[in-house]
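In what follows, a single structure is set out as structure tokens and then discussed.
In this note's numbering, the protein residues as written are -14 to 207.
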């Protein structure tokens, strides 16, 4: 009798400040390419590696929920924003492994994150827990041979990496925040960069303006 097929669980973490169309495209590509049963989208809590201040976790979690709500197999997971202290990927992977002991985990990261991967907390243990799937940003010139060369640097662990085939999309959260803060973009232009529901949320809560946004508990969110 053939052994049962392992459940495939993906993990896609990030600030999602805000979540944008390239994030959505990555989620869809990840599910399709790796045959994921579930993709956990995990907004970060207190990110140890982020130098800039993030928007309030409640806003980022709400926007992520709106951005991914119509994609089958995606679950937006709040465990990192609810976890006190610094947020480390290894803790999330260990928790998911405990919840799904027979599953194969896949961790999706960008090329910029991959470049700094050896600086991650307990990166060797992360390689034990998950296949690292790397997606390039639009401005990257990484070719297949270059990807192979960089993975080769991990020697005996190179089989723990895979490349995610992602369409080029020149959009970033920094760009969206800057456009919104400057007032240089119309609502229609912002909607071309983020899902429509996220654009409405940004407008409703006046996120990324020069003044601080008000917590959800102090606003009318109807």
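Backbone N, C-alpha and C fix where the C-beta goes; we use that ideal spot for every residue, glycine too.
Determine the direct distance from the alpha carbon of residue j to that of residue i, and round the result to whole angstroms.
i: residue 13; j: residue 56; result: 7 Å
i: residue 20; j: residue 10; result: 15 Å
i: residue 43; j: residue 63; result: 9 Å
i: residue 155; j: residue 95; result: 14 Å
i: residue 161; j: residue 3; result: 8 Å
i: residue 190; j: residue 103; result: 38 Å
i: residue 135; j: residue 149; result: 15 Å
i: residue 51; j: residue 187; result: 11 Å
i: residue 73; j: residue 185; result: 31 Å
i: residue 90; j: residue 1; result: 21 Å
i: residue 76; j: residue 58; result: 22 Å
i: residue 128; j: residue 144; result: Because residue 128 sits at a pLDDT of 49, beneath the cut-off of 50, its placement in the model cannot be relied upon, and the following sentence gives the value as read from the coordinates. The alpha-carbon atoms of residue 128 and residue 144 are separated by roughly 18 Å.
i: residue 140; j: residue 54; result: 39 Å
For residue i, name the three-state secondary structure that DSSP assigns.
i: residue 56; result: coil
i: residue 159; result: helix
i: residue 148; result: strand
i: residue 112; result: helix
i: residue 44; result: helix
i: residue 173; result: helix
i: residue 107; result: coil
i: residue 194; result: coil
i: residue 2; result: coil
i: residue 140; result: helix
i: residue 209; result: For the chain, the structure presents residues -14 to 207; residue 209 sits outside this window and is missing.
i: residue 84; result: helix
i: residue -10; result: coil
Applying the criterion that 16 or more other CB atoms from any shown protein chain within 10 Å of the CB defines a buried residue, is residue i buried or exposed?
i: residue -5; result: buried
i: residue 65; result: buried
i: residue -10; result: exposed
i: residue 40; result: buried
i: residue 180; result: buried
i: residue 67; result: exposed
i: residue 166; result: exposed
i: residue 159; result: exposed
i: residue 121; result: buried
i: residue 153; result: exposed
i: residue 47; result: buried
i: residue -8; result: exposed
Taking only beta-carbon positions, decide if residue i is within less than 9 Å of chain D.
i: residue 105; result: Checking the listed chains, one finds no chain D in this structure; it contains a single protein chain.
List the DSSP bridge partners of residue i.
i: residue 93; result: -3 and 118
i: residue 71; result: 31
i: residue 50; result: According to DSSP, which records beta bridges pairwise, residue 50 is partnered with nothing at all.
i: residue 26; result: -3 and 61
Query - Cβ contact (3+ pairs, closer than 8 Å) linking the segment 73 to 83 and the segment 113 to 120 - result: Contact annotation: the segment 73 to 83 touches the segment 113 to 120, with at least three C-beta pairs closer than 8 Å.
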